[in-house]
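Inspection log for the structure reproduced underneath, given as structure tokens.
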Amino acid sequence: MKKLIMLAVATIAIGLIAGCTSSPKHYNMTGSWKYTFEESGKSEVQNGSMTIAQESYKLRGKCNDSFGEFDISGTIAETNPTFLIEGKRNDGKRSFRLNGLLSSDDKFEGTYTTDQNTSGTMKGKKTTAD
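Using this note's numbering, the first residue of the sequence shown is number 100, and each one after it goes up by one.
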């Protein structure tokens, strides 16, 4: 009986140690992306592209769409596939904030708001990993 209890305790301890050594998946957004966005209340879908460089959990890059070229910066969560990107047009006259969720390493969906009091949805797909 004593050996059985010792075996059970050892099995539980090994299981706990093995479970603690697994690490969360780290997502990598570095690359070129194509995206579509649709403003709430409008039926027109617009297209854009962006390049992102990820260093640790920080994001930097540029995006281009019908509203101009934007410098972007943001962060990706350490333990889940959520991210935040903020963009400011080069002339400083327009900005946006995107809250997104990666559905895989190469696809995302999210919602955006702008300083022009507009909001909507955005979907993107990575075209090349840099």
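Virtual Cβ for every residue (Gly too), placed ideally from N, Cα, C. Here the structure is a predicted model, which means the values were calculated and not measured.
Item to complete: Please state if the CB of Glu138 and the CB of Gly219 are separated by a distance shorter than 7 Å.
Response: Stepping through the sequence shown from its first residue, residue 219 is reached at position 120. Stepping through the sequence shown from its first residue, residue 138 is reached at position 39. For Gly219 and Glu138, yes; Cβs fall inside 7 Å.
Worksheet item: Closer than 7 Å, CB to CB, is Tyr134 near chain D or not?
Response: Absent here is chain D; the protein component of the structure consists of one chain.
Worksheet item: From Lys141 to Asn127, what does the alpha carbon distance come to, in whole angstroms?
Response: Numbered from its first residue, the sequence shown carries residue 141 at position 42. Numbered from its first residue, the sequence shown carries residue 127 at position 28. So the alpha carbons of these two residues sit roughly 32 Å apart.
Worksheet item: Can you tell which of Thr217, Met221, Asp190 and Gln153 has its C-alpha closest to the C-alpha of Ala176?
Response: Within the sequence shown, residue 176 is the residue found at index 77, counting from 1. Closest by alpha carbon: Gln153.
Item to complete: Report the rounded CA-to-CA distance for Asn163 versus Ser148, giving the unit in angstroms.
Response: Along the sequence shown, read from residue 1 onward, the residue named residue 163 stands at position 64. Along the sequence shown, read from residue 1 onward, the residue named residue 148 stands at position 49. Asn163 and Ser148: Cα-Cα distance of roughly 5 Å.
Discussion item. Closest to Gly199 by C-alpha separation, out of Glu185, Lys192, Gly191 and Asp190, would be which residue?
Written reply: Within the sequence shown, residue 199 is the residue found at index 100, counting from 1. Of the listed residues, the one whose Cα sits closest to Gly199 is Glu185.
Item to complete: Spatial neighbours of Lys225 within its chain, please: CB distance less than 6 Å, with the 5 preceding and 5 following residues excluded, ordered by chain position.
Response: On the sequence shown, position 126 is the one that residue 225 refers to. Gly130, Trp132 and Asp205, listed in sequence order.
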